[in-house]
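Note sheet for the following structure.
Residue numbers (my numbering): 1000 to 1391.
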């Protein structure tokens, strides 16, 4: 037990301990960002891109881009081969600012829509849609639990009002909830980001429920007028949302294919990817995985047929170009393989090995003059031991 006296020394010690813990937690990342990456920042972040995804005129499309080729295609618009991390961050901030400054009313509409979405009972998907796992199978029981956001939110609002009326540190609870929730409105609305608010939300909901129970026990003949506005909060989480937030069966099947592939079950993965493509012909990720799966199973013709539309849609995607070039080489179509390898070599980045394969394919296809021109214009390939004697 601390001795009686002024609380100031004890408070100063607590502040000092908290400050030391904060410094120790932030020091490693801050050091790496400042010294190694030459970008002074307390924590690593991708705020520029995340801000753009939820704040542009086509935000309903960009905000729901999942990991894979569509997202990669957007990321490459920042020219990562010529811009560092800080420069890419600035690029996305400027792009969002320039686009929205010309349409201020549209931005207000975007923020208002995201504010409504952010408190909706529907799970807003981002990289993953957990509804795929809870609609069937061993995790289905989670989807039947009554503790959903829409049922907790009204009680939490009541609790926040009660805490806000109190004096002292308890007023910080609603404020902390607000600050944790605001990024959903200003950046991206997603259940995975809303997860950070759940501890504070649950605390406020418990206090709100207790306050309602106490009010009922006192048997007041009628509630105070000031509480009636809370009736407007109850239907807010249950408003109908845009179809963009609906469960996408094609994506659920796509994820099933990914899981099967991770388990080494290529036969099941192939079936899932085919089903995903049938449900959504524009699922480029499923098309890519399916092409690679059938190629491993020896069906090179089908692999090429699947991959051709993908490189038409994404003409500078290096992995797809390289894969298609190697597949055409295995089919004996050396001219086509060389052309595709040349396109892969032209994609910005360190491509020495790809350049070596490109030159060797040109030689095998009888296009020696082109091979010499490639070597002359790329000093990094000259003297490579793998090309020794290739043009002799």
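Glycine included, each C-beta is placed from N, C-alpha and C at the ideal position.
If I measure Cβ to Cβ from residue 1131 and keep anything under 6 Å in the same chain, skipping five residues before and after, which residues do I get? 1251 and 1254
Just to confirm the assignment, what range does the alpha helix (DSSP H) spanning residue 1046 have? 1046-1053
8 Å Cβ cutoff met for residue 1089 and residue 1047: yes
The alpha helix (DSSP H) with residue 1461 in it runs from where to where? Outside the shown range of the chain, which is 1000 to 1391, sits residue 1461, and nothing can be said about it.
Mapping the DSSP letters down to three states, classify residue 1351 as helix, strand or coil. helix
What does a CB cutoff of less than 7 Å around residue 1336 pick up in its chain, not counting 5 residues either side in sequence? 1324, 1327, 1328 and 1360
If you draw a straight line from the alpha carbon of residue 1108 to that of residue 1058, how long is it in whole angstroms? 11 Å
Give me, in chain order, the residues of the same chain whose beta-carbon lies closer than 7 Å to that of residue 1259; leave out the 5 immediate sequence neighbours on both sides. 1267, 1268 and 1271
Suppose contacts are defined by Cβ-Cβ distances below 8 Å. Is residue 1319 in contact with residue 1309 by that definition? yes
Does residue 1239 come out as helix, strand or coil in the three-state DSSP assignment? coil
Can you grab the Cα-Cα spacing for the pair residue 1135 / residue 1143, in whole Å? 11 Å
In chain order, what residues of the same chain lie with their CB nearer than 6 Å to the CB of residue 1347, ignoring the 5 residues before and after it? 1080
Which residue spans inside the region 1250-1307 form an unbroken alpha helix (DSSP H) run of at least 4? 1265-1278 and 1283-1295
For residue 1023, count neighbouring Cβ atoms within 10 angstroms of its own Cβ and tell me buried if that reaches 16, exposed if not. exposed
Is it a yes or a no for the region 1148-1160 touching the region 1200-1215, going by three-plus beta-carbon pairs under 8 Å? yes
So what's residue 1201 in DSSP terms, helix, strand or just coil? helix
If you run the structure through DSSP and keep just helix, strand and coil, what is residue 1018? helix
Cα-Cα separation between residue 1083 and residue 1073, rounded to whole angstroms: 16 Å
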